[in-house]
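Colleague: Protein chains in written order, with this note's numbering: chain A, 1 to 309; chain B, 1001 to 1329. Every residue, glycine too, gets a C-beta built ideally from N, C-alpha and C. Before I ask anything, here is the structure I am working with.
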């Protein structure tokens, strides 16, 4: 029975999500980038690494976004960069959310000394400066690929999620249906995955979005600093080469504007979708038409960006 | 008192974690990176300094645990190693010269952003549904979701390179004499404007939206309605009745903003080649100057942890509920 009402609620929420203009715009922007990354091989006209054109050419019909100082096609670099950045960003976001769920939900559900230990660990990860820690690690691990980069980002960035999940799991742990499940002899893992997680899906969704955004920002920042393998193709590496290849002094705006703008658009799409998830899961905001009144939630999301950026 | 001890314990624990990370990481990596720096240093240094390096990076045959305590000891006595890039300057000297730049630039930019953002938040909450209320949160949010270092690049390109309104890099012009004289101070201010604008644009959104939402909540409270009915003037109602009580959650955000001042804008400093901590860190990384990298990481971590601790203390004073809850958990 519980399951059925859950399903009904889910389909109602999905309907609300698609009727919300902000959510639709956000989803549309996000889908465009997903499509670009899926069909990168079809869309990109040239090999992104081969120098086969005149250097530093402004956008033209032949090179939609112009060329680099070594005569590579920037549009092809952008398309392949979209693929890399999206895979790394979404992958790292999902992985860090998963670690956050494991640590946070288990701590919140178990309570006692397990909770104290896990909570202390996640608080430490929470206060250690994120970007500085990433730079420290990557200065030892030389020439990381985008994927090992994503792994490092996920392993250091899960604490925000864990804190939110812990709070939610703590409030759920005392509810009747959890106690009933416990008395009927369900195992801890079963209770966590079958009873607790389905009841915090909206929080998980919001967290995935912020984690993905944080991962994309962190990855591009690290790549911009030249900490990622320099022959990789990602938006951050493009920005690194634009800086190193003198795009600023050569007036080549077409080189450094597209990757950053794309990161901003992806970020915006996450923010828009999250806005509407807020409104759906917090019915008070919907009924009274109090736009963006999710005071506490908004502040915490800002903090998260601080921490991960 | 219990609250104080609790927070103090966490402070010490987290500082210990940061230091231990610094110690363990170079020893964990395959192909000890210390070997490369060690080779670089040979022939440049006094034997005694080489010995200090050995201790710092685990180039001794002593067991780990002894190395660890030697490392802790040298940190406590202020021996943070020597920089390779700026040899023979010590890491602590470099920190001392770059810290004021970072704190000055980011501190001022953050404060401006807090004050303006909070005021704007108060006003748009009062005029709810107006033009400013429906546009400002969205516009500022757009700035917040872009990578700030890229925003910096764009501003440098258009305002500094193309239009020549601002200098492109560094903290002051090279022909000014460093010191308390007007040409130097004005050049510092002039160089600081662009990076400050970037930090301002990147952080204002949170202050506006946060304050707006708190205000809307307090404006709905009975005591505000009562005060309005009683005929309290609007100005007094906004600032003395509503805004005062809406400020507390902003203090939490301020805590996070303050604690991330030192390490918060590493990439922005790098874009502007601003001579602060973040710029030194990224420089050290590209020069593979490991003692400097470690020192910079430690100072960033220490500043975050200590400011967090101080704000926890302050918050406990402002809001007694926190003190009681903190002692329980």
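Quick one: does residue 1267 (chain B) have its CB under 7 Å from some CB of chain A?
Modeller: So, interface residue.
Colleague: Using CA coordinates, which residue listed in A:209, A:83, A:277 is at the minimum distance from residue 48 (chain A)?
Modeller: Out of A:209, A:83, A:277, A:83 has the C-alpha closest to the C-alpha of residue 48 (chain A).
Colleague: Can you tell which of A:20, A:132, A:57 has the C-alpha that lies nearest to the C-alpha of residue 70 (chain A)?
Modeller: Of the listed residues, the one whose Cα sits closest to residue 70 (chain A) is A:57.
Colleague: Taking buried to mean at least 16 other C-beta atoms within 10 Å of its own C-beta, is residue 267 (chain A) buried or exposed?
Modeller: Buried is the call here.
Colleague: Report yes or no: is there a C-beta of chain B within less than 7 Å of the C-beta of residue 198 (chain A)?
Modeller: So no, residue 198 (chain A) is outside the interface.
Colleague: May I ask you to report which of helix, strand or coil DSSP gives residue 1289 (chain B)?
Modeller: Coil, per DSSP.
Colleague: Could you give the distance in angstroms between the alpha-carbon of residue 1191 (chain B) and the alpha-carbon of residue 1027 (chain B)?
Modeller: Taking the straight line from one Cα to the other gives about 41 Å.
Colleague: Is there at least one Cβ from chain B nearer than 7 Å to residue 220 (chain A)'s Cβ?
Modeller: Taking Cβ atoms only, chain B reaches closer than 7 Å to residue 220 (chain A), which makes this a yes.
Colleague: Of all the options B:1198, B:1012, B:1154, which has the alpha carbon lying nearest to the alpha carbon of residue 247 (chain A)?
Modeller: Ranking B:1198, B:1012, B:1154 by Cα distance to residue 247 (chain A) puts B:1154 first.
Colleague: Give the residues of chain B in contact with residue 123 (chain A), contact being defined as C-beta atoms less than 8 Å apart.
Modeller: Within chain B, the residues near residue 123 (chain A) are 1010, 1014.
Colleague: Checking contacts by CB at 7 Å: is residue 1147 (chain B) closer than that to chain C?
Modeller: Absent here is chain C; the protein component of the structure consists of chains A and B.
Colleague: For the alpha helix (DSSP H) holding residue 1183 (chain B), just list the boundary residues, first then last.
Modeller: Run containing residue 1183 (chain B): 1182–1219, per the alpha helix (DSSP H) assignment.
Colleague: Residue 1308 (chain B) touches chain A at which residues, Cβ-Cβ below 8 Å?
Modeller: Those within 8 Å of residue 1308 (chain B) in chain A are 127.
Colleague: Chain B beta carbons: is any one of them nearer than 7 Å to that of residue 217 (chain A)?
Modeller: Chain B contact via Cβ: present.
Colleague: Would you verify that the beta carbon of residue 280 (chain A) is, or is not, closer than 7 Å to some beta carbon of chain B?
Modeller: No - not a single Cβ of chain B is within 7 Å of the one on residue 280 (chain A).
Colleague: Quick one: does residue 1315 (chain B) have its CB under 7 Å from some CB of chain A?
Modeller: No, residue 1315 (chain B) does not count as interfacial toward chain A.
Colleague: Output the distance between the C-alpha atoms of residue 1244 (chain B) and residue 1314 (chain B), rounded to the nearest integer angstrom.
Modeller: Approximately 17 Å, taken between the alpha carbons.
Colleague: Please compile the residues from chain A whose C-beta is within a distance smaller than 7 Å of the C-beta of residue 1093 (chain B).
Modeller: Correct list: empty, because the minimum Cβ distance to chain A is about 20 Å.
Colleague: With DSSP as the reference, please indicate the residues paired to residue 1090 (chain B) in a beta bridge.
Modeller: The partner list for residue 1090 (chain B) (beta bridge, DSSP) reads B:1082.
Colleague: So which residues on chain B does residue 137 (chain A) lean against when the C-beta distance must stay under 7 Å?
Modeller: Result: 1025.
Colleague: Mapping the DSSP letters down to three states, classify residue 17 (chain A) as helix, strand or coil.
Modeller: Correct three-state label for residue 17 (chain A): helix.
Colleague: Leaving out five residues before and five after residue 1417 (chain B) in sequence, what residues of the same chain have Cβ atoms less than 8 Å from its Cβ?
Modeller: Because residue 1417 (chain B) is not part of the residues shown, which for chain B are 1001 to 1329, the question remains open.
Colleague: Which class does residue 1 (chain A) belong to by DSSP, given the choice of helix, strand or coil?
Modeller: Model confidence at residue 1 (chain A) stands at a pLDDT of 42, short of 50, so the residue's coordinates are unreliable and nothing is read from them.
Colleague: DSSP state of residue 68 (chain A), grouped into three classes?
Modeller: It is coil, neither helix nor strand.
Colleague: Output the distance between the C-alpha atoms of residue 239 (chain A) and residue 218 (chain A), rounded to the nearest integer angstrom.
Modeller: Roughly 13 Å between the two C-alpha positions.
Colleague: Quick check on this structure: which residue in B:1013, B:1071, B:1131 has the alpha carbon closest to the alpha carbon of residue 1023 (chain B)?
Modeller: When only C-alpha atoms are compared, the closest one is B:1071.
Colleague: Whose Cβ in chain B lies nearer than 9 Å to the Cβ of residue 172 (chain A)?
Modeller: Those do not exist, as residue 172 (chain A) stays about 18 Å from chain B at its closest Cβ, beyond 9 Å.
Colleague: Measuring only between beta-carbons, confirm whether residue 1211 (chain B) sits less than 7 Å from chain A.
Modeller: No, residue 1211 (chain B) does not count as interfacial toward chain A.
Colleague: Any Cβ of chain A within less than 7 Å of the Cβ of residue 1218 (chain B)?
Modeller: Judged by the 7 Å Cβ criterion, residue 1218 (chain B) is not in contact with chain A.
Colleague: Could you work out which residues of chain A lie near residue 1281 (chain B), taking near to mean beta carbons separated by less than 8 Å?
Modeller: Ordered by position in chain A, the residues that pass the 8 Å Cβ test against residue 1281 (chain B) are 132, 135.
Colleague: Name, in chain order, the residues that DSSP records as bridge partners for residue 219 (chain A).
Modeller: Per DSSP, none; premise fails for residue 219 (chain A).
Colleague: Does any residue of chain A have a CB that is nearer than 7 Å to the CB of residue 1301 (chain B)?
Modeller: Taking Cβ atoms only, chain A reaches closer than 7 Å to residue 1301 (chain B), which makes this a yes.
Colleague: Provide the residue(s) that pair with residue 73 (chain A) in DSSP beta bridges, ordered along the chain.
Modeller: DSSP, once it has assigned bridges, lists A:67 as partnering residue 73 (chain A).
Colleague: For chain B, find out if any of its Cβ atoms is closer than 7 Å to the Cβ of residue 27 (chain A); answer yes or no.
Modeller: No, its Cβ sits nowhere closer than 7 Å to a Cβ of chain B.
Colleague: Between B:1259, B:1320, B:1278, B:1255, which lies nearest to residue 1266 (chain B) when the distance is taken from Cα to Cα?
Modeller: Residue B:1278 is the option with its Cα nearest to residue 1266 (chain B).
Colleague: If I measure Cβ to Cβ from residue 26 (chain A) and keep anything under 6 Å in the same chain, skipping five residues before and after, which residues do I get?
Modeller: So the qualifying residues of the chain are 269, 272, 273.
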